[in-house]
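Counting in the numbering used here, the sequence shown runs from 138 upward without gaps.
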Amino acid sequence: MTTTYAIGDVHGHLEKLRRAHDLIIADRLRHGADDALVVHLGDLVDRGPQSADVLEYVQTLSSNDNRVVTLLGNHDRLLLWWVRDGREDPRLYPGLSYRSDVIGGAATLLSYDVDPTGPRDEVLAEARAKVPKTHLNFIATRPLTLSRGECFFVHAGIRPGVPLSAQATEDLLWIRDEFLYDTRDHGALVVHGHTPVEVEQMHFGNHLDVDTGAAFGGPLTVVAICGREVFRLTDQGRESVRPAATSASKSAPKSTA
């Protein structure tokens, strides 16, 4: 049976990410899952204090181990567009910019030793000098999705009713309510992050939300998925994750940018 590990939104928390990978190493030994892929579900950067180190860590892992897959998240693209093109994402609410506190780009810039508080053009010039092109190229070449076994891995979710092969990029990176509250069978179990939930509310039957709020003081969750069985990795081993008693249409995930 195909086993895949999935890690939720990291948001610049290196030690939480290291612990997640330590849990995977221990689980591989316990369950003989040497050929299992590790999928980062996107949003490596922003909000946390160590985005630069997280990108370097994941890029190094990926170059040394073909079992590591990293999907593109909306915050990863926010960083790429802002530094490379000086572009703000039109999906941001009016009045917000990449450097806004709620978005968390300022924390990412600080992790590269860039002062985010100055005039925009000056900050942009400094960012272009200090953010390694290897990091930007890594983000730019990340896939949007991965189909594996009985699961479809993506950052934010899918547009219900649209074939998985025909999904729009903006939905894959940004969708929330239209996907989160839809109770239809999507065929595959959709494994995603993007919208923080409590650990107890991760599994909604038709989708699995692995973002448990690492950006906001919560844990960085890593799960092992075998077929459609889901297990959260802990220091004590695997903990079964079953669909919540309340449906996705009645459980309200926390909505953030």
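Beta carbons: idealized from backbone N, C-alpha and C, even for Gly.
Residue from the options whose Cα sits closest to the Cα of residue i
i    : options                : result
R379 : L370, D372, M339       : M339
I144 : G364, G223, L345       : L345
V191 : P256, K153, K267, V367 : K153
A173 : V336, M138, K270, T271 : M138
L357 : T245, N203, R156       : R156
L247 : G185, N203, V334, A351 : G185
L215 : L310, Q187, H150       : L310
T207 : E335, F353, P280, G350 : P280
W219 : G255, R265, Y230       : R265
D202 : D171, G210, G232, G149 : D171
D183 : E193, V147, Y194, G330 : V147
E413 : G364, D252, V347       : The first residue shown for the chain is 138 and the last is 394, placing residue 413 beyond what the model contains.
T271 : G149, L151, Q196, G169 : Q196
E193 : R236, P269, E335       : P269
R236 : H329, P253, V299       : P253
Neighbourhood of residue i by C-beta, 8 Å cutoff - its chain only, sequence neighbours within 5 removed
i    : result
N343 : D319, T320, R321, D322, H323, L326, V327, A385
S234 : E225, I240, G242
R296 : Q304, A305, D308, I312, E315, F316
L301 : T282, S284, F289, I295, H323, G324, A325
Per-residue DSSP class, three states only, for residue i
i    : result
I362 : strand
A381 : coil
T371 : strand
F341 : coil
D159 : helix
S386 : Only weak support is given to the placement of S386: the predicted model assigns it a pLDDT of 36, under 50, and the question is left unresolved by the model.
A170 : coil
T271 : helix
7 Å Cβ shell around residue i - same chain, five flanking residues per side excluded
i    : result
R221 : L273
D159 : none
A189 : S248, Y249
T141 : A173, L174, V176, R285, G286, C288, I362
V367 : H340, L345, V360, V378
Q187 : G149, H150, L151, S248
T245 : G149, V182, D183, S188, L216
A351 : G145, D146, V147, H148, H150, K153, L357
Distance cut-off 8 Å: residue i Cβ against heavy atoms of the ligand HEM
i    : result
H177 : This structure simply doesn't include the ligand HEM, nor any ligand for that matter.
Cutoff 6 Å; reference residue i; Cβ partners in own chain excluding five residues on either side
i    : result
V205 : V175, L198, S199
I276 : D213, L217
N257 : Before going further, note that residue 257 is Arg rather than Asn in the sequence given. Same-chain partners within the cutoff: there are none.
G210 : G179, D180, H292
P231 : none
Inter-stretch contact (C-beta, 8 Å, three-pair minimum) for the region 259-266 and the region 168-182: The region 259-266 is not in contact with the region 168-182.
Three or more C-beta pairs below 8 Å linking the region 154-173 and the region 366-377: yes
Complete runs of the beta strand (DSSP E) confined to the region 174-246 [at least 3 residues]: 174-177, 205-207
Complete runs of the beta strand (DSSP E) confined to the region 283-347 [at least 3 residues]: Counting only runs of 3+ residues, the beta strand (DSSP E) found wholly inside the region 283-347 occupies 288-291, 326-329, 344-346, in chain order.
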